[in-house]
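Under the numbering used here, think of the first position of the sequence shown as 56, with each following residue one higher. A virtual CB, placed ideally from N, CA and C, is assigned to each residue, including glycine.
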Amino acid sequence: MIDENKMIQTIVLGSDWQEVLASIVVEEGMDPLSIDILKLAESFMQYLQKIKSFDFRIPARFVLIAAILLRMKCELLLEEEEKKDMIEGEQIPPIDVSGLPTLSPPVLRRPTRKVTLDELVTALNKVFDFKERKEGKKLRLRMAVEKLIEPEEDIEIKIREIFNQIMRSGIIKFSDLVPAWKRKDIVETFVPLLHLSNRGRVSCDQEEMFKEITIKLRGPA
56 MIDENKMIQT
66 IVLGSDWQEV
76 LASIVVEEGM
86 DPLSIDILKL
96 AESFMQYLQK
106 IKSFDFRIPA
116 RFVLIAAILL
126 RMKCELLLEE
136 EEKKDMIEGE
146 QIPPIDVSGL
156 PTLSPPVLRR
166 PTRKVTLDEL
176 VTALNKVFDF
186 KERKEGKKLR
196 LRMAVEKLIE
206 PEEDIEIKIR
216 EIFNQIMRSG
226 IIKFSDLVPA
236 WKRKDIVETF
246 VPLLHLSNRG
256 RVSCDQEEMF
266 KEITIKLRGP
276 A
């Protein structure tokens with residue numbers, strides 16, 4: 056079993072996940088060159104339960120590691136069940152299959168119950184790198200969208216400006232409303248126009264997709 060005093064020490068010192076895994080391996084008497092994934096998964100879950108019982112905040116990476124280890128554990132248990140079924144199947148008396156085409160035996164997955172600690176840490180780091188790149192991409196996309204979408208009070212000002220332009224003409228083309236045919240200007244014109252259309256102040260007609268949009272005044276000023 057894991058030493059509770061050392062467990063508390065790793066929590067207080069804020070040890071990173073690599074140190075925690077290494078500590079569990081040592082405490083459980085596992086060989087760093089041949090880690091038992093099933094045993095490690097169970098021990099790591101016990102570690103998280105200890106953190107929870109002490110009312111410490113569980114780091115997000117620790118939760119992700121637990122999920123990965125539990126998934127690996129499930130896959131290994133499933134693999135063992137499949138092997139067990141195959142062995143039991145071999146004990147069934149043979150059936151006369153003469154005349155039937157020969158079938159190749161199913162390909163077994165490579166056993167992964169035992170891995171080195173370094174291999175496991177490397178694999179987990181790759182997962183974190185992929186997750187961070189994915190989250191970074193989402194963050195950059197959100198920031199790009201936020202740059203194009205103005206605050207509520209600013210959009211109301213833009214709506215009034217666009218509506219005043221339409222009022223002066225009665226009928227106007229979308230391209231005439233856009234200051235410059237650039238993505239930012241197109242979006243900053245199109246969004247207020249959508250608001251005006253939804254409020255019933257203008258009507259927008261487009262005879263062909265991706266062609267010119269004609270805007271007509273509908274509501275009162």
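Using DSSP's beta-bridge definition, name the partner residues of V257. Here residue 257 is taken as the residue at index 202 of the sequence shown, counted from 1. BP columns for V257 point to L272.
Margin query: For a test of the three-state rule: what should DSSP assign to K228, helix, strand or coil?
Written below: Taking the first residue of the sequence shown as position 1, residue 228 is located at position 173. The answer is strand: DSSP assigns K228 an E or B state.
*Output the boundary residues of the alpha helix (DSSP H) element that contains M100.*
Taking the sequence shown and counting its residues from 1, the one referred to as residue 100 is at position 45. First-last of the alpha helix (DSSP H) with M100: 92 to 108.
From the DSSP output, which residues share a beta bridge with D86?
For this step, residue 86 is matched to residue 31 along the sequence shown. S89.
Using a Cβ-Cβ cutoff of less than 6 Å, which residues in the same chain neighbour C259 once the five nearest sequence positions on both sides are dropped? Taking the sequence shown and counting its residues from 1, one reaches residue 259 at position 204. Excluding residues within five positions, the ones whose Cβ falls inside 6 Å are S252, I268, I270.
Ordered along the chain, which non-local residues of its own chain (more than five positions away) have a Cβ less than 8 Å from that of K107? Stepping through the sequence shown from its first residue, residue 107 is reached at position 52. Hits under 8 Å: I113.
Secondary structure at K169, three-state DSSP: helix, strand or coil? In the sequence shown, counting from the first residue as 1, residue 169 sits at position 114. K169: strand per DSSP, three-state reduction.
Report task. Can you give me the Cβ contacts of K128 inside the same chain, cut-off strictly under 7 Å, excluding the 5 residues immediately before and after it? Result -> For the purposes of this step, residue 128 is taken as residue 73 along the sequence shown, with counting starting at 1. Cβ within range, chain order: I92, L93, A96.
Looking at C-alpha atoms only, which residue of M222, G191, I123, G225 is the closest neighbour of V176? The sequence position of residue 176 within the sequence shown is 121, counting from 1. Of the listed residues, the one whose Cα sits closest to V176 is I123.
Is the beta carbon of L248 less than 9 Å from the beta carbon of F229? Sequence index remark: in the sequence shown, residue 248 carries index 193 (1-based). Sequence index remark: in the sequence shown, residue 229 carries index 174 (1-based). In this structure, F229 lies closer than 9 Å to L248 by Cβ.
Fill in: Residues near L103 in its chain [Cβ-Cβ closer than 7 Å; skip 5 each side]
Here residue 103 refers to the residue found at position 48 when the sequence shown is read from its first residue. The beta carbon of L103 is closer than 7 Å to those of I113, F117, A121 in its chain, skipping five residues each way along the sequence.
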